[in-house]
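**Student:**
Here's what the structure looks like:
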């Protein structure tokens with residue numbers, strides 16, 4: 417009887433210990449797996465978010481530079497065109513004035 421009790425007690429202890437270890441290992445594995453998945457998803461989301469921000473920033477800068485260049489180019493063209501027109505008008509007036517003074521030429525005739 418004493419041997420039976422000892423064997424039963426030892427078997428219970430062993431079983432309890434085994435269940436505890438198995439449960440502990442299972443929980444550990446589940447936790448590790450969860451952490452890995454969470455970390456992976458977090459890294460993925462962070463990388464995606466960062467890539468989106470960088471792309472947005474790049475598009476904004478490129479657009480800004482393009483608009484700046486286009487505006488500068490347009491302003492230069494307009495200024496050049498205006499300068500040409502003014503110079504042409506000035507030369508016309510000077511020629512007309514010169515001809516009217518020196519040759520008696522009138523613009524109306």
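Numbering (the numbering used here), first residue to last: 417 to 525.
Glycine included, every Cβ here is placed at the ideal spot set by N, Cα and C.
These figures come from a predicted structure and were not determined experimentally.
Check residue 458 in the structure and name its three-state DSSP category.
**Tutor:** Of the three classes helix, strand and coil, the one that applies to residue 458 here is helix, per DSSP.
**Student:** Taking just the CA atoms, how far does residue 463 sit from residue 430?
**Tutor:** Spanning the two alpha carbons is a distance of roughly 48 Å.
**Student:** Whose C-beta lies closer than 7 Å to the C-beta of residue 506 among residues of the same chain, with five residues either side of it excluded?
**Tutor:** Answer for residue 506: no residue qualifies.
**Student:** Check residue 519 in the structure and name its three-state DSSP category.
**Tutor:** Of the three classes helix, strand and coil, the one that applies to residue 519 here is coil, per DSSP.
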